[in-house]
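**Student:** In my numbering, the protein residues as written are 912 to 1120.
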Ligand SMILES: [Fe+2]
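Structure representation (structure tokens):
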């Protein structure tokens, strides 16, 4: 005869069960520094964290702008722009992680969620609908220039404060990546013929005949 199952199937499993729906106070408020032993003054860390959170919000926004345009692009350059926008998206995504982790190692708290990013970024919000490819590219170029301008200013501030690591991230990662992506985008807005070259301008001697 089979043994009868226990009347309480939960009995004896208390220590193996996940403890769900836990809530408590934050352990570190946003904007405060929990300093690590990296031989940098706390005020220097705080200033770098504040700057890096601005760059982070703008880089997350630019990253997402690339994905929007990757999905929504139309026209005869669809395939190359679809791929290029995704490549740049992935490179910006790597920058996002680099910036966020630098903020954490400086003792700060990285901005992370979309609503907080939207409140912080200085990159203009695009419409929800689709736009023509030249408009998409112009919008991306404007976003890159906003980022480059602030990153250069912040790089100098980090250097002056002795925060060489932040200066290096801003220059070697953020500035160089954004400059390169600007080149790849901007050359698409040069108006040259696709198939038939422009007729050469007539010389003075030829036009006098
Ligand atoms: Fe895709």
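Glycine included, every Cβ here is placed at the ideal spot set by N, Cα and C.
With a threshold of 7 Å (Cβ to nearest heavy atom), would residue 997 be considered close to ligand 1?
**Tutor:** Walking along the chain shown from the start, residue 997 turns up at place 86. Correct: residue 997 has its Cβ closer than 7 Å to ligand 1.
**Student:** Mind checking which residues open and close the alpha helix (DSSP H) that includes residue 1067?
**Tutor:** Here residue 1067 refers to the residue found at position 156 of the chain shown. Unbroken alpha helix (DSSP H) run through residue 1067: 1044-1072.
**Student:** Among 1073, 922, 984, 1067, which residue has its Cα nearest to the Cα of residue 996?
**Tutor:** Mapped onto the chain shown, residue 996 falls at position 85. Nearest of 1073, 922, 984, 1067 to residue 996, Cα basis: 984.
**Student:** Beta-carbon separation of residue 941 and residue 1020 under 8 Å?
**Tutor:** The residue you call residue 941 lines up with position 30 of the chain shown. The residue you call residue 1020 lines up with position 109 of the chain shown. Yes, the pair counts as a contact, with Cβ atoms nearer than the cut-off.
**Student:** Buried or exposed: which applies to residue 1040, given that a residue is buried once 16 or more other Cβ atoms fall within 10 Å of its Cβ?
**Tutor:** As a working note, residue 1040 is residue 129 in the chain shown. Residue 1040 should be labelled exposed.
**Student:** Examine ligand 1 and report whether any of its heavy atoms sits within less than 7 Å of the Cβ of residue 981.
**Tutor:** The residue you call residue 981 lines up with position 70 of the chain shown. For ligand 1, at least one heavy atom lies less than 7 Å from the Cβ of residue 981.
**Student:** On the DSSP letters alone, give me the boundaries of the alpha helix (DSSP H) that residue 1013 sits inside.
**Tutor:** The residue labelled residue 1013 in the question sits at position 102 within the chain shown. Residue 1013 -> alpha helix (DSSP H) spans 989-1016.
**Student:** So, residue 967 versus residue 1007, is the Cβ gap smaller than 8 Å?
**Tutor:** Counting from 1 along the chain shown, the entry for residue 967 is found at position 56. Counting from 1 along the chain shown, the entry for residue 1007 is found at position 96. In contact: residue 967 and residue 1007 (Cβ atoms closer than 8 Å).
**Student:** Taking the CB atoms as reference points, tell me whether residue 1061 and residue 965 lie closer together than 8 Å.
**Tutor:** In the chain shown, residue 1061 corresponds to position 150, counting from 1. In the chain shown, residue 965 corresponds to position 54, counting from 1. Closer than 8 Å, so yes.
**Student:** Along the chain, where does the alpha helix (DSSP H) containing residue 981 start, and where does it finish?
**Tutor:** Sequence index remark: in the chain shown, residue 981 carries index 70 (1-based). Its alpha helix (DSSP H) spans residues 953-983.
**Student:** Candidates 1054, 1068, 1045: which alpha carbon is nearest residue 1098's?
**Tutor:** The residue you call residue 1098 lines up with position 187 of the chain shown. Nearest of 1054, 1068, 1045 to residue 1098, Cα basis: 1045.
**Student:** Count the other CB atoms within 10 Å of the CB of residue 1024; is the residue buried (16 or more) or exposed (fewer)?
**Tutor:** For this step, residue 1024 is matched to residue 113 along the chain shown. Result: exposed.
**Student:** Do you know offhand how far residue 923's Cα is from residue 930's?
**Tutor:** Position 12 of the chain shown, counting from 1, holds the residue named residue 923. Position 19 of the chain shown, counting from 1, holds the residue named residue 930. Cα to Cα, the separation comes out at about 15 Å.
**Student:** Quick one, are the C-beta atoms of residue 1080 and residue 1009 less than 8 Å apart?
**Tutor:** Within the chain shown, residue 1080 is the residue found at index 169, counting from 1. Within the chain shown, residue 1009 is the residue found at index 98, counting from 1. It is a contact, given that the beta carbons lie within the stated cut-off.
**Student:** Distance, Cα to Cα, residue 1038 vs residue 982?
**Tutor:** In the chain shown, the residue the question calls residue 1038 occupies position 127. In the chain shown, the residue the question calls residue 982 occupies position 71. Their backbone Cα atoms lie some 14 Å apart in a straight line.
**Student:** In angstroms, rounded to a whole number, what distance separates the CA positions of residue 959 and residue 1042?
**Tutor:** Here residue 959 is taken as the residue at index 48 of the chain shown, counted from 1. Here residue 1042 is taken as the residue at index 131 of the chain shown, counted from 1. If I take the Cα positions, the gap works out to 36 Å.
**Student:** Looking at the unbroken alpha helix (DSSP H) that takes in residue 1025, where does it start and where does it end?
**Tutor:** Reading the chain shown from its first residue, position 114 is the one you call residue 1025. Looking at the DSSP string, the run of the alpha helix (DSSP H) that includes residue 1025 is 1025-1031.
**Student:** Sorted by chain position, which residues of the same chain lie with C-beta nearer than 8 Å to residue 950's C-beta, five sequence neighbours on each side aside?
**Tutor:** Counting from one through the chain shown, the residue named residue 950 turns up at place 39. Counting only Cβ-Cβ distances below 8 Å, and skipping sequence neighbours, we find nothing.
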